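For the sequence shown, our numbering gives the first residue as 187, with consecutive numbering after it. In this text, a Cβ means the ideal position worked out from N, Cα and C, and glycines have one as well. Computed from a predicted model, the values in this text were never measured in an experiment.
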Amino acid sequence: MVNPLQRNNKIQRKGPIVLVIMDGVGFGKYAQGDAVKEAKTGTLTQLYATTPWTKLKAHGVAVGLPSDEDMGNSEVGHNAIGCGRVFSQGAKLVSQSIESGAMFSGETWTNLVKNVNTHDSTLHFIGLLSDGNVHSHVDNLRKMVVKAKEHKVKKVRIHALLDGRDVGEVSALDFFDPFVEFLNELNDASFDAKIASGGGRMVITMDRYNANWSMVEKGWHTHVLGEGRAFPSAHEAIETLRKETGKIDQDLPPFVIAEDGKPVGEIVDNDSVILFNFRGDRALEITKAFEAEELTEFDRKRVPKVQYAGMMEYDGDLHVPKQYLVTPPTIDRTMAEYLCASNIKQYSISETQKFGHVTYFFNGNRSGKFDEKLETYVEIPSDIVPFEERPWMKCAEITDEVIKVIESGEYELIKLNYPNGDMVGHTGIYQAVLCSMEGMDLQIGRLKKAIEKANGVLLLTADHGNADDMYEHDKKGEVSIKEDGSPRAKTSHSLNPVPFIVYDTDYKGEYDQKLNSGLGISSIASTIMNFLGFDSPEDYDKSIINLK
């Protein structure tokens, strides 16, 4: 519980404060490949020319990641925006736990290793095999496999998901081939480690927000049951499936590694399983598939009795999973909790793909509401189609609902997420990203008109960059060219700053029009509190506006 915020009433607006999170929209470093800049965005162009704005940091240490070489992501970005302070996040916590040895002396690791050593069974690892450091990092997996051997585990199987989203779109073999060599060097008469299955992260296992449970079903059949197209090696599987489908890594079909006609890594009774992804949103459903006594989403056919653990606790309220290797950050006193204590009505909306970000992650990885009477959550169901086929996504539907809410006058704070820049940006399809930006801009124009009528404030920002950096560049800044002469697409997030734009329809000189610079997105919470007429808590990060 928190105390109500202290009112200063320096800013009082008749209409609501509307926070628009343009997911994946930053300021590009390069002229080529910046779809945000190239898109015809009349509304944003007008706002940049006529209203106060600044750039905010949205990656690295500014959002709690280990270094400024680490890309921001939607999870940590919404944590930072909603919590008003910077907390050490998954990547950093996991790295620290491994380096200190705390993970390997902890109860969960001990339980899982003891289980396989007692039953002479297999230790399985499931997760994203890349160094993207958004959901996982291959170096963490390497160190866990080494430690498993040291702890007398005899058999290890890796169920490796292809990334192509937080790293290069066709970079899988840059991770798989060296990792197989690493396993081969470890293997001896007492230790047997192999890749057992795989598939693209947007095809199997890593669904989120209950958007497409068939992905999890495919993952279950692949990893657990050992069912699927068989190959003698991951290398051959990846090369073959690329040639046959023409798809990038994240979209490749599932595969199983087999020897003598049998899968090398089915998950069976008495095995131990570690989901080595540390980010929660795309870990919850596969975790439920392992832990639920009854599952209605799909028929598991066979449910092995295993010791299962996640890299982290993916949901602190529901305590999912039951066992985890690293304790997640304890995020308290979020903006939403303070505003509820101050009797401020809040409305949160997005489509399925980002609904959890404006609710769960925004509220410090908390599933429930702080106050049922003061908070409203609205989810617009996402289309289950490739994002490049509907690059406008659900922008219009989200905007329809927000305009109704603005006109109702019921809520003092409205927050929404347009997923386009991120979800379409991850496809690497440049034309689709341009379309997504232009579609979003049209809807921002509609919001702007509604805010004008209501005498409110429109705040536009982003959680990280993506659509602003759509081509791979070399160290000299030149675009990387594929064999066919086209630019090599970049499907990962960028390290670029993001915008913070203030459209205040009833400005009366209460704050300086020159906004503070050099801040991170964690400063947005204090800024919103100021616009609602409150002082922010003393330990919250500095506001972007300077009250007079």
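In the DSSP secondary-structure assignment, residue 687 is bridged to 239 and 646. With a cutoff of 7 angstroms on beta-carbon distance, residue 663 and residue 201 are scored as not near each other. Residue 354 and residue 557 have their C-alpha atoms spaced approximately 43 angstroms apart.
Cα atoms of residue 443 and residue 534: separation of roughly 44 angstroms, rounded to the nearest angstrom. Check the Cα spacing between residue 217 and each of 701, 669, 681 and 655: the tightest is with 655. Rounded to the nearest angstrom, the gap between the Cα atoms of residue 219 and residue 614 is 10 angstroms.
Inter-residue distance for residue 683 and residue 709 is about 14 angstroms (C-alpha atoms, whole angstroms). Look at the segment 505-551 and you find these whole runs of beta strand (DSSP E), each 3 residues long or longer: 510-512 and 532-537. About 11 angstroms separates the Cβ atoms of residue 262 and residue 247, ruling out a contact at the 8 angstroms cut-off.
In the three-state scheme derived from DSSP, where H, G and I count as helix and E and B as strand, residue 616 is classed as helix. Here the segment 471-490 makes no contact with the segment 330-343; the two share fewer than three CB pairs at distances below 8 angstroms. The C-beta separation of residue 462 from residue 326 comes to about 6 angstroms, placing the pair in contact by the 8 angstroms criterion.
By a beta-carbon distance limit of 8 angstroms, residue 393 contacts residue 468. Their separation comes to about 7 angstroms. Rounded to the nearest angstrom, the Cβ distance from residue 414 to residue 452 is 11 angstroms, too far for a contact under 8 angstroms. Comparing C-alpha distances from residue 302 to each of 608, 493, 730 and 630 shows the shortest one belongs to 493. For the pair residue 267 and residue 717, the CB atoms are not nearer than the 7 angstroms cut-off. Taking the C-beta atoms as reference points, residue 707 is found no nearer than 7 angstroms to residue 279. Between residue 685 and residue 239, the C-beta gap is smaller than 7 angstroms, which places the two residues in contact. The segment 549-568 makes no contact with the segment 618-628: fewer than 3 CB pairs, one atom from each, lie closer than 8 angstroms. When the beta-carbon positions are compared, residue 395 and residue 542 come within less than 7 angstroms of each other. Rounded to whole angstroms, the separation of the alpha carbons of residue 704 and residue 328 is 37 angstroms.
Between residue 346 and residue 381, the CB-CB gap stays under 7 angstroms. Per DSSP, residue 598 lies in no alpha helix (DSSP H) and is assigned neither H nor E.
The residues 190 and 560, in chain order, have a CB closer than 8 angstroms to that of residue 529 in the same chain once the five nearest residues on each side in sequence are set aside.
With a cutoff of 7 angstroms on beta-carbon distance, residue 646 and residue 206 are scored as near each other. Taking the CA atoms as reference points, residue 679 sits about 13 angstroms from residue 605. In the structure shown, the three-state DSSP call for residue 386 is strand. Inter-segment contact for the segment 502-513 and the segment 575-595 is absent: fewer than three beta-carbon pairs are separated by less than 8 angstroms.
When only Cα atoms are considered, residue 313 and residue 264 end up about 23 angstroms apart. Inter-residue distance for residue 649 and residue 209 is about 6 angstroms (C-alpha atoms, whole angstroms). If you draw a straight line from the Cα of residue 610 to the Cα of residue 421, it is about 28 angstroms long. Judged by their CB atoms, residue 316 and residue 361 are nearer to each other than the 7 angstroms cut-off.
Residue pairing of residue 458 in beta bridges, as defined by DSSP: 309 and 493. With contacts defined by Cβ atoms closer than 7 angstroms, residue 472 and residue 391 form a contacting pair. Distance from the CA of residue 363 to the CA of residue 484, rounded to the nearest whole angstrom, comes to 33 angstroms. Judged by their CB atoms, residue 286 and residue 252 are not nearer to each other than the 7 angstroms cut-off.
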